[in-house]
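Undergrad: Let me begin by handing over the structure; questions about it come next.
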Amino acid sequence: MKLIQLVKREYRKSRQKRWNALFDKKINEKAEAALANLAKQGKSISPSQLKACNDYAQDVLGSKAFSPWLQVYTTFRGEFLEGWIPDNYMGRVISPGLNGHFENLSVYKTLSKRILETDLMPDLAYFVKGSWVLVSGEPVSLNEVKSACFEDYPFVFIKRDFSFQGNGVIKLSPDDFDEFDFGSFGDSVIQAPIFQHSILNELSPNAVATIRITTLKQQGKQAKNILSGLRVGQKGMDIIDSKSSIRVPIFLESGEFYSKGITAEWETLESHPESGIKFKGKSIPFYSKIVKSCEQLHNRIPHLQLIGWDVSVTDSGEIKLIEWNTGHPGIIYTEPTTGPSFKGLGWENLWKKM
677 MKLIQLVKRE YRKSRQKRWN ALFDKKINEK AEAALANLAK QGKSISPSQL KACNDYAQDV
737 LGSKAFSPWL QVYTTFRGEF LEGWIPDNYM GRVISPGLNG HFENLSVYKT LSKRILETDL
797 MPDLAYFVKG SWVLVSGEPV SLNEVKSACF EDYPFVFIKR DFSFQGNGVI KLSPDDFDEF
857 DFGSFGDSVI QAPIFQHSIL NELSPNAVAT IRITTLKQQG KQAKNILSGL RVGQKGMDII
917 DSKSSIRVPI FLESGEFYSK GITAEWETLE SHPESGIKFK GKSIPFYSKI VKSCEQLHNR
977 IPHLQLIGWD VSVTDSGEIK LIEWNTGHPG IIYTEPTTGP SFKGLGWENL WKKM
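In my numbering, the protein residues as written are 677 to 1030.
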C-alpha cells in the first residue's frame, strides 16, 4: 500500500512539473516578444542586471523560469528592483495558491451577478441552456428579451461564459439582435451599455475604458486595493481587448495616471494617438468611491483572497461593474512602472508551500 501511494505521489509530481513547464513556456514566449519590442526601441539589459534577474528568480522565487519577466521589467525601467512578481509566477503560484478551487469562478458570466449579489452589474438577461431568463429569474421569450434590451438602449453587449480580455464579447444593435445565432454562441449574458465619465470618454470615445482595481482579502482582514490600472481604446475599437488597447498604470493611493500609456508592443505614449490628450496630470474620476465599492464587494466573499474588478464610472459618480476576475490578474504593465506592487506580502515564499 505504501509503495502504491509513493508511486501515485511521484506521478502527480511529475505531471505537475510537466504542466508547470508548459505554462512557463507559453507565458515566457510573451516575455521574449516584449524584450524584442523593447530592443527595437533601443532598450537593453546589462550583464549585471541579467544576473540579478536570474539569481532572484532561482534563489528567491525557486526557478530560473521566472527570470524572463523580471528581465522585461528591468529592461523597461532601466534598473532591477527586488520584490517584482513575474507574470508566470502570478499565474501558476500566487493565483491558485490564494484562490484555490475557486480560481476560475469568474469565467461564468451568467452567474456573476448572482454570486456577487450586486446592482452594480448592468445585466439585462441571460441565455442559459437554450432558454432566456431576466435578471429577476423570470423565464421569457426572445421577443421579450429584445424589448427589455432596446426599450431604453440603442445597443447592448452580449458576453459569453468563459470570455476574457474582450474575446467573446459582441456589440448588438436591434438589427444585429434579429440576425444573431444565440444557440451557437452559447450560454451568455446581455448587458446594458455604459455611458462613461466625460474624462474617460475623451480618452476612449468608442470603447468604454476599463478601470482595473485588484483587491486582496487576507484571512481575518478587510479587503484592500493593491493594484490599479486603466485600459483605453484606440480608433476603430468598440470593445476593449488585450491586443489593441493602451494600458495606463495608475498610482495606487491617488488614482493619478502614470505619465505614459503603454501599447501591447511596449511602446510608450505621452498622449493618446488619436485625441492627442496627454496622460500626465489626469486621474481616475471618483477614484476613492470606486476603490471602496470594490473592497466592499470583496469583503462579501472570504473564499477568494485575490480579485480583479473591471469597472467604469459615469459623470454622476455611478459605478458600473463590467466584470470580475478571480484568476490570473494582469500585472505586466504596472510592475515595471508603479510597482513593485506586492512587496511585503510574503508571496515570494508561496512556491515553497506547493
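Cβ coordinates follow ideal geometry from the N, Cα and C atoms, glycine included.
Along the chain, where does the beta strand (DSSP E) containing tryptophan 1000 start, and where does it finish?
TA: 995-1001
Undergrad: Would you list, in sequence order, the uninterrupted beta strand (DSSP E) runs of no fewer than 3 residues that lie entirely inside the stretch 909-963?
TA: Complete beta strand (DSSP E) runs here, min 3: 922-926.
Undergrad: Quick one: what's got a C-beta closer than 6 Å to alanine 728's C-beta in the same chain, skipping five residues either side?
TA: Phe756
Undergrad: Check whether the stretch 745-753 touches the stretch 819-828, counting contact only when three or more Cβ pairs, one atom from each stretch, lie closer than 8 Å.
TA: no
Undergrad: If I measure Cβ to Cβ from aspartate 914 and keep anything under 6 Å in the same chain, skipping five residues before and after, which residues do I get?
TA: Lys847, Asn882 and Ala883
Undergrad: Quick check on glycine 905: does DSSP put it in helix, strand or coil?
TA: strand
Undergrad: So alanine 899 packs on threonine 886, CB below 8 Å; how close in whole Å?
TA: Alanine 899 to threonine 886, Cβ: 20 Å. No contact.
Undergrad: Does DSSP put lysine 847 in a helix, in a strand, or in coil?
TA: strand
Undergrad: Rounded to a whole number of angstroms, what is the C-alpha to C-alpha distance between tryptophan 985 and lysine 701?
TA: 27 Å
Undergrad: Under 8 Å, do lysine 785 and serine 722 count as touching if we go by C-beta distance?
TA: no
Undergrad: Here's the rule I'm using: 16 or more other beta-carbon atoms within 10 Å means buried, otherwise exposed. How should glutamate 685 be labelled?
TA: The amino acid at residue 685 is misidentified as glutamate; the sequence shows arginine. Arginine 685 comes out exposed.
Undergrad: Should isoleucine 926 and glutamine 910 be called a contact, given that it needs their Cβ atoms to be closer than 8 Å?
TA: no
Undergrad: Per DSSP, what kind of secondary structure is glycine 984 in: helix, strand or coil?
TA: strand
Undergrad: Give the DSSP bridge partners of arginine 836, in chain order.
TA: Under the DSSP definition of a beta bridge, arginine 836 partners with Ser864.
Undergrad: Taking only three categories from DSSP, how would you classify leucine 810?
TA: Leucine 810: strand per DSSP, three-state reduction.
Undergrad: How far does the beta strand (DSSP E) with arginine 976 in it extend, from its first residue to its last?
TA: Careful: arginine 976 lies outside any beta strand (DSSP E) and carries neither H nor E.
Undergrad: Taking Cβ positions, are valine 769 and tryptophan 1000 nearer each other than 8 Å?
TA: no
Undergrad: Look up phenylalanine 831 in the DSSP assignment and say whether it is helix, strand or coil.
TA: Here phenylalanine 831 carries a coil assignment [DSSP, helix/strand/coil].
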